[in-house]
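**Q**
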Amino acid sequence: MPHIQIKLIEGKTEEQKQKLAKELVKAAQKVIGLGDESYSVAIEDFTFEEWKNDVYPKDIMERKDILYKKPGYKM
44 MPHIQIKLIE
54 GKTEEQKQKL
64 AKELVKAAQK
74 VIGLGDESYS
84 VAIEDFTFEE
94 WKNDVYPKDI
104 MERKDILYKK
114 PGYKM
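With positions in the sequence shown counted from 1, the corresponding number in my numbering is that position plus 43.
(1) Quick one: what does DSSP say E87 is sitting in, helix, strand or coil?
(2) In this structure, what does DSSP give as the bridge partners for K50?
(3) Quick check: what's the CA-CA separation for K117 versus V74?
(4) Who are the near neighbours of I86 in its chain, counting only those whose CB is closer than 6 Å to its CB and skipping five residues on each side?
(5) Might you give, ordered along the chain, the residues of its own chain that have their beta carbon closer than 6 Å to the beta carbon of W94, omitting 5 neighbours on each side?
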């Protein structure tokens with residue numbers, strides 16, 4: 044049962060988040076299969092400061108062992 048977690052800097056609309064969740068599930072289904080009922084998607088918003096101080100260092104840079112796409116930016 045895949046669970047997709049997305050972390051974003053705040054500012055995206057509910058409509059954008061709904062569309063993102065839908066498109067991510069579609070893409071995952073093309074690659075790994077499974078029915079729509081197998082997926083769940085969570086989206087968390089963060090301020091720029093939270094991203095800079097928490098998300099980037101702890102969830103991205105310290106977790107390189109599970110990072111499949113590295114960011115093209117540095118903080």
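The beta-carbon is built from N, C-alpha and C at its ideal position, and this holds for glycine as well.
**A** According to the structure data:
(1) Here E87 sits in strand by DSSP.
(2) Looking at the DSSP assignment, K50 forms a beta bridge with E87.
(3) Using only the alpha carbons, I get a separation of about 30 Å.
(4) Answer for I86: I49 and K60, listed in chain order.
(5) Contacts found: I52.
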